[in-house]
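Protein chains in written order, with my numbering: chain A, 57 to 351; chain B, 4 to 403; chain C, 582 to 907.
Think of the CB as a built atom: it goes at the ideal place given N, C-alpha and C, for glycine as much as any other residue.
For clarity, every value in this text was computed on a predicted model and none was experimentally measured.
Below is one structure; the comments refer to it alone.
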Amino acid sequence: MFELLGIPPQALFGQLLLGLINGSFYALLSLGLAVIFGLLNIINFSHGAQYMMGAFVAWMLLTYTGINYWWALLIVPIVVGATGVVIERLMISRLYHLDHLYGLLLTFGLALIIQGLFRNQYGVSGLPYSIPAELSGGTNLGFMFLPNYRAWVVVASVVVCFATWFAIEKTRLGAYLRAATENPTLVGAFGINVPRMITLTYGFGVALAALAGVLAAPIYSVNPNMGADLIIVVFAVVVIGGMGSILGAILTGFGLGIVEGLTRVFYPEGSAVVIFVIMAIVLLVKPAGLFGRTP
Amino acid sequence: MKLKTLILASATSLLLAGTAMAQTAIKIGVLNDRSGVYADLSGEGSVIAARMAVEDFDAAGKGITVEIVSADHQNKPDVASNIARQWYDQDGVDLIVDVPTSSAAFAVNEITREKNKIFMNSGAGSADLTGAQCSPNTVHWTYDTWALAHGTGSAMVAEGFTKWFFITADYAFGQALEKDTTAVVTAAGGEVLGAVRHPFPGTDFSSYLLQAQASGAQVIGLANAGGDTVNTIKQAAEFGITQAGQALAGLLIFITDIHALGLETAQGLVLTESFYWDLNDQTRAWSERFAAQNDGNKPTMVQAGVYASVLHYLKAVEATGGKETEALMAAMKSTPTSDPLFGEGMIREDGRKVHDMYLFKVKSPAESTGPWDYYTLLATIPAAEAFRPLADGGCAFIAK
Amino acid sequence: MTMPTETGYRSQAAALPVGTPRHHMVIFAVLLVVLLLAPAVLYPVFLMKVLCFALFASALNLLLGFGGLLSFGHAAFFGLSSYVAAYAAKSWGLNPEIAILLGVAAASVLGLAIGVLAIRRQGIYFAMVTLAFAQMVFFFALQAPFTGGEDGIQAVPRGRLFGLIDLSADLTLYFVVLAIVFGALLLIYRIIHSPFGQVLKAIRDNEPRSISLGYKVHRYKLAVFVMSAALAGLAGATKAIVFQLASLTDVYWTMSGEVVLMTLLGGMGTVFGPLVGAAAIVTMQNYFAGFGAWVTVLQGVIFVASVLLFREGIVGVLAKWLKKPL
């Protein structure tokens, strides 16, 4: 049996697959951030908190009303996305004429509020959310035991990412959106309600975060802090991919998941920092990110 | 919260104003995690336990007025040291109890020594509190890493689980836990095949679990704590690690963690604790009273330790008739301890409280009769063997 | 270096006179008197915390308010310096003033290293790069053997100043800290009102114009970045001596966010704003500590309110009202 870098190939395949699973979350979250940044020029620091809200709302639906996982996949993004719409209308829309930094500071404050409220209400020890019966169990792939639920996460993430990319880059609606960010006045003159479109875009970005939250709920414990550290990593993913680049965010998300997975084998202590090292290097060599247009 | 204790305290002092007894006014600070990962195992429950100790001792009837204050140290050493300093300097606190999280406990340990007050730790695990960092002002009541590692490690090896792999939280406490357990395992004839250090706190442990599986070890030792341990155990079930025949050994796990995990996931886990509510009639009776005040949740060993340590402290106050630190510490160490929760015991010269430890196995859902019926007693580790021998601790002020 | 040539076309912010307005001197004097008397009423350790954070926020403000660069990684300098100072005082047994100077030196070197790379980026990218570097410093603090991991470096001796004055009494230490912080604040004030400070403001307000006027913009930015890092380091090192502790909290990214909050609340680009902001936030954290996570919520609310309602900050609003720069 040959070994690759001192690791048996089975183990390596297993780790690559795990990296891909984590990458699915990075991709979904960075996609939402990229959509919001690309179209609104807002750095959404509360993205992690909104991801956490997604997991919590799914938990609440199950616990208080008995609504199951599958309905939660549909309802939660709508509910949390609606809160995003309210936030955009009440607060973010007042900042478009200002420096980007104010958007960052505002959403940072929002993140603190949301996390603090959930921490007060539910503590931080985490709430259990079980894997839906249809997806429990797993498949033995020979080199590893793959839980069905994790496989589902990868599939769901790839589908959603592709659909979003397609909608924005290839459809007429997407074309309007992109045009509106370039020249809102002109697009408005064509009779399109630009402010509403922007509001809905923010709502959609938030809904993506919430969807990632629902997907995460059965694997990680539902916890008010679950988004706090993740958000910094996802920021790095978006920056590496190129701010505002949809495809960049998706590909970097999956790619960095795999890189991180490999680090866990070769230098586990460094797995928390490898993404930041890559980010620093990328920014210095290619400031606009791997897939970004030159600013 | 603060308001409530204030009212309580002033009410007791009003009551006492009528009786003309020799008064000693004591202020106890319960410093622990009230919002973080250890909030369930210490938190408000520890305040309840301290209050019960004051009531059960009938402090008011013995001419001792007790005020209890509490604060959240957020598991951070800097916050803990700030609060401790302010409590001693400004608020006239005489005794600090609980303090989970070793880094925070070390901070309080230092400030207490500097200000010459008393610190009775229940929540923190590091055996260094009565070893390298020992202090004449500190009592370490409930458990420590040495005791846990020995309880769980030697028991597992004795059952034939000789090959170990560690999943360790990459911080000083996790590494200490791994080191202690490794020593026990190898001394008992076992073998450690490898270890992986994960960043703290982590969310996804599947990668480390697969590495543990690939190592061919019989036992995966979880040298982490709180949410990390809970998530590791959950994901071990998800990835079929336990079903494939590897056992998990939680090196620092509390009954509240089992409660959060559910028996379906946690069953079969072997762990060491110094207290379980269902040990005997006395613990059951006390725990029932406790649960009535704590939303129906049974006490953890940490909360039990807070009760017992406050009780012992108050006895010393009564015996010495004052609150002079040296006299109190001498009295506490010379008087054997006796309480309904830990039974008979003693406080060693280095501050280590010595009592029996228990090895438990987590029940399967079928064996359990309901919530909080979680453990089967496997073995009792007698007090004499449960803790690190005095001579091995390297406590500086003992050597002199 | 070319000195600015007066062209008669200057931005509003740069319209501050180069000299020292008299009312600033009055405020400094009143502040000093109040701070000298304060320990009679308030707990000295609390006051020292306020002072350290006031300096930290002022250091950030030098970069953010006058250089126009938002660093989201200033905890790196604050934290690294506190580790170095704590280690020097504890393990090498050095005098506190030497320990603090070593801390400042470490922060300056780190500031130079990060600054050289970071100032090539602007706006959000600059914030992100500083955040990324700060995460690396956090990682270093967690891993390096001398930092003690999550325990931090504890029981740091306060020592004797210049080997003579025993600092173990809170009140003695308070006056030393007051001298350090007040001196540093005056230094920052000098920097802001020097020709160098004027050029900085010009760059902040219109970088292309400054370039076309012949300024080496990068050099100015790097210089202010290093100064800001060094001053943040001074705050961190002093804090380590005061609290006898250096811990991971000081290097974590929430610390960077907190100091941005202090500056924003007090008023970016004002002289006294960071002091007010730091005092407000530290007081809140101290007295509301019993309310648990509500402190976080309240901080968030303050953040949101500052951004939406008074972007000039408390002092900025006050200055507008008094029609005088503060």
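- With 16 or more other Cβ atoms inside 10 Å of its own Cβ, residue 36 of chain B counts as buried.
- Within the DSSP secondary-structure output, residue 363 of chain B pairs in a beta bridge with B:274, B:380.
- Here the C-alpha atom of residue 650 of chain C lies approximately 7 Å from the C-alpha atom of residue 704 of chain C.
- Separation of residue 226 of chain B and residue 80 of chain B (C-alpha to C-alpha, rounded to the nearest whole angstrom) is 21 Å.
- What residue 321 of chain A touches in chain B, judged by beta-carbon distance under 8 Å, is 210, 214, going in chain order.
- For the stretch 720-733 of chain C, the beta-carbon criterion of a distance under 9 Å to any beta-carbon of chain B is satisfied by 720, 723, 724, 729, 730, 731, 732, 733.
- Using a CB distance below 8 Å, the part of the stretch 104-120 of chain B facing chain C consists of 105, 106, 109, 110, 113, ordered along the chain.
- Under the DSSP assignment, residue 153 of chain A falls outside any alpha helix (DSSP H); it carries neither an H nor an E label.
- Residue 29 of chain B is bridged by DSSP to B:69.
- DSSP, reduced to helix, strand and coil, places residue 843 of chain C within a helical segment of the structure shown.
- Within the same chain, and ignoring the five residues on either side of residue 149 of chain B in sequence, the residues whose Cβ sits closer than 7 Å to its Cβ are 130, 183, 390, 391.
- The stretch 147-164 of chain A and the stretch 98-107 of chain A touch, with three or more beta-carbon pairs separated by less than 8 Å.
- As DSSP reads the structure, residue 251 of chain B sits in a beta bridge with B:223.
- Excluding the 5 residues flanking it on each side, residue 88 of chain B has same chain C-beta neighbours closer than 6 Å at 114, in chain order.
- The beta carbons of residue 178 of chain A and residue 275 of chain A sit no closer together than 8 Å.
- By the beta-carbon neighbour count (other beta carbons within 10 angstroms, threshold 16), residue 322 of chain A is exposed.
- Put simply, the CB of residue 153 of chain A is far from chain C, with every gap to its CB atoms at 8 Å or more.
- By the Cβ rule, the stretch 305-313 of chain A counts as touching the stretch 69-88 of chain A, because three or more pairs are nearer than 8 Å.
- Per the DSSP secondary-structure output, residue 122 of chain B pairs in a beta bridge with B:99, B:141.
- The shortest CA-to-CA distance from residue 186 of chain B to any of B:165, B:353, B:236 is the one to B:165.
- Pairing residue 329 of chain A with residue 263 of chain B, the inter-Cα distance amounts to about 30 Å.
- Judged by DSSP secondary structure, residue 195 of chain A falls outside any alpha helix (DSSP H) and instead within the beta strand (DSSP E) spanning 194-196.
- Taken in chain order, the members of the stretch 824-840 of chain C whose beta-carbon sits within less than 9 Å of a beta-carbon on chain B are 824, 825, 826, 827, 828, 829, 830, 831.
- Separation of residue 196 of chain B and residue 163 of chain B (C-alpha to C-alpha, rounded to the nearest whole angstrom) is 15 Å.
- Under DSSP, the beta-bridge partners assigned to residue 341 of chain B are B:347.
- Rounded to whole angstroms, the separation of the alpha carbons of residue 200 of chain A and residue 233 of chain A is 43 Å.
- The three-state secondary structure of residue 372 of chain B, taken from DSSP, is coil.
- Interface with chain B (8 Å Cβ-Cβ cutoff): residue 181 of chain A is included.
- Under the rule that a run must span 4 or more residues, the alpha helix (DSSP H) segments found entirely inside the stretch 792-842 of chain C read 798-824.
- Per DSSP, residue 195 of chain B lies in no alpha helix (DSSP H) segment; the continuous beta strand (DSSP E) that holds it begins and ends at 194-201.
- Taking the C-beta atoms as reference points, residue 632 of chain C is found no nearer than 8 Å to residue 757 of chain C.
- Within chain C, the residues placing a beta-carbon under 9 Å from that of residue 171 of chain A are 874, 877, 878, 881, ordered along the chain.
- Within 9 Å of the CB of residue 843 of chain C, no CB atom of chain A is found; the nearest one sits about 12 Å away.
- The Cβ atoms of residue 112 of chain B and residue 144 of chain B lie no closer than 8 Å to each other.
- Counting C-beta atoms within 10 angstroms of its own C-beta, residue 337 of chain B has fewer than 16 neighbours from the protein chains shown and is therefore classed as exposed.
- Within the same chain, 154, 360 come within 6 Å of residue 384 of chain B by CB-CB distance, once the 5 residues on both sides are set aside.
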